[in-house]
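Chemist:
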Amino acid sequence: MLCVTHYKTMTDIKITYETLFDLLRRERNREELQPLDQTFYQDVLAYLHEKRSLTLQDTHTAAMEKARIQFQNIKKILKELYDRREKKLVLLALNTVRIGAEVTDKNALLKEEQRLFDDLIATFSQHRKEILDTVLTSTDAPPPKQPPPAQEPASTSAEEVAVTFTKAVPRFAGADEHVFGPFKAGEQATLPEKIARVLIKKGRAEER
Numbered sequence: 010m011l012c013v014t015h016y017k018t019m020t021d022i023k024i025t026y027e028t029l030f031d032l033l034r035r036e037r038n039r040e041e042l043q044p045l046d047q048t049f050y051q052d053v054l055a056y057l058h059e060k061r062s063l064t065l066q067d068t069h070t071a072a073m074e075k076a077r078i079q080f081q082n083i084k085k086i087l088k089e090l091y092d093r094r095e096k097k098l099v100l101l102a103l104n105t106v107r108i109g110a111e112v113t114d115k116n117a118l119l120k121e122e123q124r125l126f127d128d129l130i131a132t133f134s135q136h137r138k139e140i141l142d143t144v145l146t147s148t149d150a151p152p153p154k155q156p157p158p159a160q161e162p163a164s165t166s167a168e169e170v171a172v173t174f175t176k177a178v179p180r181f182a183g184a185d186e187h188v189f190g191p192f193k194a195g196e197q198a199t200l201p202e203k204i205a206r207v208l209i210k211k212g213r214a215e216e217r
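All residue numbers for the sequence shown refer to the numbering used here, where the first residue is 10 and numbers rise by one.
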């Protein structure tokens with residue numbers, strides 16, 4: 010038996026070529042999954058066995074030829090019906106994962122489709138977590154701290170010279186207007202190399 014809903018519930022509908030075609034028509038014309046009886050595939054399988062047995066008879070009447078053609082058409086109908094419901098299931102699972110909401114009405118899902126739906130949810134969720142969520146999380150994290158820039162070393166000893174004054178030297182200003190002195194004879198100091206060399210050359214200081 011097959012139970013479908015089309016604005017109202019219809020029960021005890023015998024599966025026929027016509028009812029299968031009607032189910033396909035409804036599945037084509039509506040975006041949402043159309044409810045089917047939970048034993049739909051079992052009932053269809055029994056119906057196909059019945060039709061198949063008719064096609065295997067040795068008679069070659071017009072009725073038997075019609076049964077053979079109808080049998081092939083039924084398989085085409087069932088394939089398209091399955092394909093359309095499968096596509097709707099994929100979209101339903103995808104939208105469920107994207108918006109993070111539970112499907113409130115699962116009555117239209119057959120038990121076979123429920124297993125597929127659950128597998129799709131798990132697969133989509135896992136891939137979303139491994140790829141999209143990882144990328145978004147990593148870009149939200151603060152950038153790694155950069156090491157502080159290397160500071161210029163202070164004036165090295167190579168740029169200064171320690172001297173001992175041999176004569177008294179009055180206060181004087183260097184090239185950068187920095188004031189040095191006054192210095193007494195025998196006093197020691199560390200001076201910029203250029204100034205120290207001038208004092209040493211003039212005999213007013215000795216390098217230590």
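Even glycine gets a Cβ: it sits at the ideal position worked out from N, Cα and C.
(1) Indicate whether the contact test is met: 3 or more Cβ pairs, each with one atom in the segment 43 to 57 and one in the segment 114 to 133, closer than 8 Å.
(2) Would you mind reading off the limits of the beta strand (DSSP E) that contains Val106?
(3) Specify whether the segment 119 to 139 and the segment 66 to 81 touch according to this definition: at least 3 beta carbon pairs, one from each stretch, less than 8 Å apart.
(4) Assuming Leu33 contacts Glu89 (C-beta within less than 8 Å), just tell me the rounded distance between them.
(5) Do the CB positions of Val188 and Ala182 come within less than 8 Å of each other?
(6) Given this structure, state the Cα-to-Cα distance separating Leu101 from Arg77, to the nearest angstrom.
(7) Is it right to say Ala55 is buried, meaning 16 or more other beta carbons lie within 10 angstroms of its own, or is it exposed?
(8) Looking only at C-alpha atoms, which of Asn38, Tyr50 and Glu36 sits nearest to Ile24?
(9) If you check the beta carbons only, do Gln79 and Lys97 fall under 8 Å apart?
(10) Can you tell me where the alpha helix (DSSP H) with Leu125 in it begins and where it stops?
(11) Bridge partners of Ala182, per DSSP?
(12) What are the start and end residues of the alpha helix (DSSP H) that includes Gln51?
(13) Can you tell me whether DSSP reads Leu200 as helix, strand or coil?
(14) If you follow the alpha helix (DSSP H) that Glu216 is in, where does it begin and where does it stop?
Modeler: Reading it off the structure:
(1) Touching, yes, given that three or more Cβ pairs across the two stretches are closer than 8 Å.
(2) Within the sequence shown, residue 106 is the residue found at index 97, counting from 1. It is not in any beta strand (DSSP E) - Val106 instead sits in the alpha helix (DSSP H) that spans Ala71 to Ile108.
(3) No, because fewer than three Cβ pairs between the segment 119 to 139 and the segment 66 to 81 fall closer than 8 Å, the two stretches do not touch.
(4) Counting from 1 along the sequence shown, the entry for residue 33 is found at position 24. Counting from 1 along the sequence shown, the entry for residue 89 is found at position 80. Correct: roughly 6 Å between the Cβ atoms.
(5) As a first step, residue 188 must be located in the sequence shown, where it is residue number 179. As a first step, residue 182 must be located in the sequence shown, where it is residue number 173. For the pair Val188 and Ala182, the CB atoms are nearer than the 8 Å cut-off.
(6) Along the sequence shown, one-based indexing puts residue 101 at 92. Along the sequence shown, one-based indexing puts residue 77 at 68. So the alpha carbons of these two residues sit roughly 36 Å apart.
(7) Position 46 of the sequence shown holds residue 55. The residue in question, Ala55, is exposed, as its Cβ has fewer than 16 Cβ neighbours within 10 Å.
(8) Residue numbering aside, residue 24 sits at position 15 when the sequence shown is read from its first letter. Scanning Asn38, Tyr50 and Glu36 for the CA closest to the CA of Ile24 turns up Tyr50.
(9) By one-based count along the sequence shown, residue 79 stands at place 70. By one-based count along the sequence shown, residue 97 stands at place 88. With contacts defined by Cβ atoms closer than 8 Å, Gln79 and Lys97 do not form a contacting pair.
(10) On the sequence shown, position 116 is the one that residue 125 refers to. Its alpha helix (DSSP H) spans residues Lys120 to His136.
(11) Walking along the sequence shown from the start, residue 182 turns up at place 173. In the DSSP output, where bridge partners are listed per residue, Ala182 has Val188.
(12) Taking the sequence shown and counting its residues from 1, the one referred to as residue 51 is at position 42. For Gln51, the enclosing alpha helix (DSSP H) begins and ends at Phe49 to Thr64.
(13) Here residue 200 corresponds to residue number 191 of the sequence shown, with the count starting at 1. The answer is strand: DSSP assigns Leu200 an E or B state.
(14) In the sequence shown, residue 216 corresponds to position 207, counting from 1. Taken as a continuous stretch (DSSP letters only), Glu216 belongs to no alpha helix (DSSP H), being part of the beta strand (DSSP E) at Ala214 to Glu216.
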